[in-house]
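Encoded as structure tokens, the structure appears first; notes follow it.
Chains as they are written, first to last, in the working numbering: chain F, 1 to 179; chain U, 1001 to 1572.
In structure tokens, the structure reads:
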């Protein structure tokens, strides 16, 4: 009999199972449990976990908090559009706005220090993609996501948008500095 | 009463080559759905070529507007139209043909087909008129023309009706006693696909109907986080329909080509059952890098604490080649570990395509899928081109190649035509499979280097503050371009062979039509010694070695990714 015919034995569920299948079921199951275990394990012992801290937020309020930070901590301006480069103190809340089609402002952080990075989108959905680090986080309008970050290497980074957000999507790229 | 009348009028023929029995209405509907599928594949394939030649930065063929438009159409025409039409054909085949009964309510099946065609045309018109460049996922609040959502809803309703006709046909077969005992394993797999499809389409309705109402102004706001959770209950589960369907096709091909029987019905059917039980909220895989849902929710729903859907695929990964090995060993290919595999019919596209589908789906699609489905690892993958790399390995290398292989079996038996260009058919699975294999690997490589998906220009020409990807990433994209073109050539060969055969192939004896249902009897069965289970033995050592190779690759790659994750910035 074959797989395109009804089972040869009517009571097929009482037929013996090959030893190879049983061994493989056990191995595969153990491996699946290890893979499950790794996630909570990393939350306890690992250093890279995505924060669940989220708030519903009105875009104007988030924009105001961002503007306050820019007013206080701008160190210089960059690019044709004179995007402010902001160096907020370590440990503080830093704000980053995703909108059609840029990231605003440019953050300048210190290596080894910890910051509370606040993310939101003003219009459509966007994707925060930090390069070349390759950390990727979804950014949704109406939600404020607070991610605690600790840069471990200094240098110039790029923030690419990796969620399709319309015709200017591929020009939505900005910078981030770590000193 | 009504049932017996319908039986008396029904027309059946038995294919003289395969012994399969076709009910006339079912046969027409299987053909019709398969043809619609191939038309969609043609459209999607042309778009694939344009897209790959655009993302390949050295060529960068089409402009940004048209690129995003065509990418939207490519996703829907391939992932939705091609695959679901073919799956409806598979459902009718696995019920009416394999159970040797009439198809339930053929008139309504025509209606289902018509709804799907109208739906597909509707959303394609919306897209190609430039009013719905929102990608397949159509994340709110980016708006599309109402016709886009309406087309999707019509298509889904048609597919849902098709699912119920499949279930109805199972009832007919049971009531009219056209088979004995339990349904065949392949039909059982198709039933799994059907049940998941019903859940999937319900989720799609829950999110697409309000989104349609939002697009016409009756609803003010759709929450983007809620949209993603429910949309992916539709979007991800629909991929599980494909997995169930193409695994059913693997078992069918193993049975057709080798006369292979399942190693054990119990293990294979339990594995199918696990897909149903552990996939309800598979949308979690797509929300792992999102705000608005908690860590515990993510970890639990991405794995159900056990990853039993992964376990299910790992079981099929053993039992399908295991069934082939057992059948080959009974034919005398017993030398060493792998004579059964070496002496397999590698020149038969039905087999070669199926086997590459199995290996590609497991090694490339399966392993990469688990990486993305791990809460923390997702952060170094989310929305990069790794993601389409993964799902081209599952639904193109896995599902599409499996369906192509099945087509080579169906052409003579369903369409009664001798295949034209047999040399092309022999080469096609290799060209398509190897092209697609390299294509997906290059995408995963580029994704690991941070290259985004759905992106027109990763050189950021014209951007105020551009970023330069490492040279390796651009090299990966060039390899992706070359391999993508090779895969498109393989796809084009498939279309030439199938369409050419249906139109110009030599007509074969179809078998006479009669009103009588013929009993279950297949020529392939004669070749089989009715061996029982392999209980207690160690009958398939070669397959076990292959499975262990797979496991080692899986474990190594899994921990390499954790190692990589441990080097990035601290996040909490």
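Glycine is no exception: its CB is placed at the ideal position from the N, C-alpha and C atoms.
Note that this is a predicted model, so its numbers are computed, not measured.
Relative to the alpha-carbon of residue 1559 (chain U), which residue among F:118, F:107, F:39 has its alpha-carbon at the smallest distance?
It is F:39 whose Cα lies nearest to the Cα of residue 1559 (chain U).
Mind checking if residue 1460 (chain U) is an interface residue toward chain F, Cβ cutoff 7 Å exclusive?
Closer than 7 Å: yes.
Please report the straight-line C-alpha distance between residue 6 (chain F) and residue 1182 (chain U), rounded to a whole angstrom.
Those two C-alpha atoms are separated by around 6 Å.
Chain F partners of residue 1183 (chain U), CB-CB under 8 Å?
Those within 8 Å of residue 1183 (chain U) in chain F are 6.
By DSSP's criteria, residue 1384 (chain U) is part of a beta bridge. Which residues make up the other side?
DSSP, once it has assigned bridges, lists U:1452 as partnering residue 1384 (chain U).
Do the CB positions of residue 66 (chain F) and residue 95 (chain F) come within less than 7 Å of each other?
Yes, Cβ-Cβ distance for residue 66 (chain F) and residue 95 (chain F) is below 7 Å.
Any beta carbon of chain U sitting closer than 7 Å to that of residue 19 (chain F)?
Chain U places a beta carbon closer than 7 Å to that of residue 19 (chain F), counting this residue as a contact.
Where the beta strand (DSSP E) containing residue 136 (chain F) begins and where it ends
For residue 136 (chain F), the enclosing beta strand (DSSP E) covers residues 135-139.
Taking the C-alpha atoms as reference points, what is the distance between residue 20 (chain F) and residue 1516 (chain U)?
Just so you know, the alpha carbons of residue 20 (chain F) and residue 1516 (chain U) end up roughly 43 Å apart.
Proximity winner among U:1223, U:1200, U:1202, U:1201, relative to residue 1211 (chain U) (alpha-carbon distances)
Ranked by Cα distance from residue 1211 (chain U), the options U:1223, U:1200, U:1202, U:1201 are led by U:1223.
Tell me the DSSP secondary structure of residue 101 (chain F) in three-state form.
Of the three classes helix, strand and coil, the one that applies to residue 101 (chain F) here is coil, per DSSP.
Whole-angstrom C-beta distance between residue 1472 (chain U) and residue 1441 (chain U), which should lie under 8 Å:
The C-beta separation of residue 1441 (chain U) from residue 1472 (chain U) comes to about 13 Å, leaving the pair out of contact by the 8 Å criterion.
Taking residue 1153 (chain U) as the reference, which of U:1242, U:1354, U:1397, U:1200 has the closest Cα?
The shortest Cα separation from residue 1153 (chain U) among U:1242, U:1354, U:1397, U:1200 belongs to U:1200.
For the alpha helix (DSSP H) containing residue 1163 (chain U), name the first residue and the last one.
Counting along the chain, the alpha helix (DSSP H) containing residue 1163 (chain U) begins and ends at 1146-1175.
Given a limit of 8 Å on CB to CB distance, which residues of the stretch 34-66 of chain F reach chain U?
The stretch 34-66 of chain F vs chain U, Cβ under 8 Å: 35, 36, 38, 39, 40, 42, 43, 46, 47, 48, 49, 50, 51, 52, 54.
With DSSP as the reference, identify every bridge partner of residue 116 (chain F), one or two as the case may be.
DSSP lists F:93, F:148 as partners of residue 116 (chain F).
Taking Cβ-Cβ distances below 8 Å as the criterion, which residues of the stretch 1243-1263 of chain U are in contact with chain F?
If the cut-off is 8 Å between Cβ atoms, the stretch 1243-1263 of chain U has 1251, 1252, 1254, 1255, 1256, 1259, 1260, 1261, 1262, 1263 near chain F.
What residues in the stretch 1400-1415 of chain U bring their beta carbon closer than 7 Å to a beta carbon of chain F?
Against chain F - using a Cβ distance shorter than 7 Å - the stretch 1400-1415 of chain U contributes no residues.
Cα-Cα separation between residue 1228 (chain U) and residue 1135 (chain U), rounded to whole angstroms
Rounded to whole angstroms, residue 1228 (chain U) to residue 1135 (chain U) spans 14 Å at the Cα level.
Under 7 Å Cβ to Cβ from residue 1105 (chain U), same chain only, skipping five residues before and after it: list those, please.
Excluding sequence positions up to five before and after residue 1105 (chain U), its CB lies within less than 7 Å of the CB of 1165, 1168, all in the same chain and listed in chain order.
Once the 5 residues before and after residue 1120 (chain U) are set aside, which same chain residues still bring their CB inside 6 Å of it?
Within its own chain, the residues whose Cβ lies closer than 6 Å to the Cβ of residue 1120 (chain U), once the five positions on either side in sequence are excluded, are 1081, 1155, listed in chain order.
Contact between the stretch 1346-1363 of chain U and the stretch 1247-1258 of chain U (3+ Cβ pairs under 8 Å):
The answer is yes - the stretch 1247-1258 of chain U touches the stretch 1346-1363 of chain U, with three or more Cβ pairs under 8 Å.
Can you tell me whether DSSP reads residue 53 (chain F) as helix, strand or coil?
DSSP, reduced to helix, strand and coil, places residue 53 (chain F) outside both helices and strands of the structure shown, so it counts as coil.
Looking at the unbroken alpha helix (DSSP H) that takes in residue 1179 (chain U), where does it start and where does it end?
Residue 1179 (chain U) -> no alpha helix (DSSP H), and no H or E assigned at all.
Got a sec: is the Cβ-Cβ distance from residue 1139 (chain U) to anything in chain F below 7 Å?
For residue 1139 (chain U), the answer is yes, since a Cβ of chain F falls inside 7 Å of its Cβ.
If you measure beta-carbon to beta-carbon, which residues of the stretch 1090-1120 of chain U are closer than 7 Å to chain F?
Residues of the stretch 1090-1120 of chain U whose Cβ lies closer than 7 Å to any Cβ of chain F, in chain order: 1098.
Should residue 1 (chain F) be flagged as near chain U, meaning a C-beta pair shorter than 7 Å?
Low confidence applies here, because residue 1 (chain F) scores a pLDDT of 47, under 50, leaving its location unreliable and the question unanswered by this model.
May I ask you to list the residues that DSSP assigns as paired with residue 1497 (chain U)?
Its beta-bridge partners do not exist; DSSP assigns none.
Closest Cα partner of residue 111 (chain F) within the set F:150, F:101, F:52
Measuring from the Cα of residue 111 (chain F), the nearest candidate turns out to be F:150.
In chain order, which continuous runs of the alpha helix (DSSP H) of length 4 or greater are located wholly inside the stretch 1295-1369 of chain U?
Runs found: 1295-1303, 1308-1330, 1339-1342, 1349-1360.
Given a cut-off of 7 Å, decide if residue 1396 (chain U) and residue 1444 (chain U) are closer than it, judged by their beta-carbon atoms.
No Cβ-Cβ contact shorter than 7 Å links residue 1444 (chain U) with residue 1396 (chain U).
Measuring only between beta-carbons, confirm whether residue 1391 (chain U) sits less than 7 Å from chain F.
It does not; no Cβ of chain F falls within 7 Å.
Rank U:1413, U:1424, U:1561 by C-alpha distance to the C-alpha of residue 1093 (chain U) and give the top, closest one.
When only C-alpha atoms are compared, the closest one is U:1413.
How about residue 1090 (chain U) and residue 1323 (chain U): do their beta carbons lie closer than 7 Å?
In this structure, residue 1323 (chain U) does not lie closer than 7 Å to residue 1090 (chain U) by Cβ.
So which residues of chain U does residue 24 (chain F) contact, with C-beta pairs closer than 8 Å?
Simply 1314, 1315, 1318, 1544, 1547.
According to the Cβ coordinates, are residue 1279 (chain U) and residue 1173 (chain U) closer than 7 Å?
No; because the gap between Cβ atoms is not below 7 Å, this pair is not in contact.
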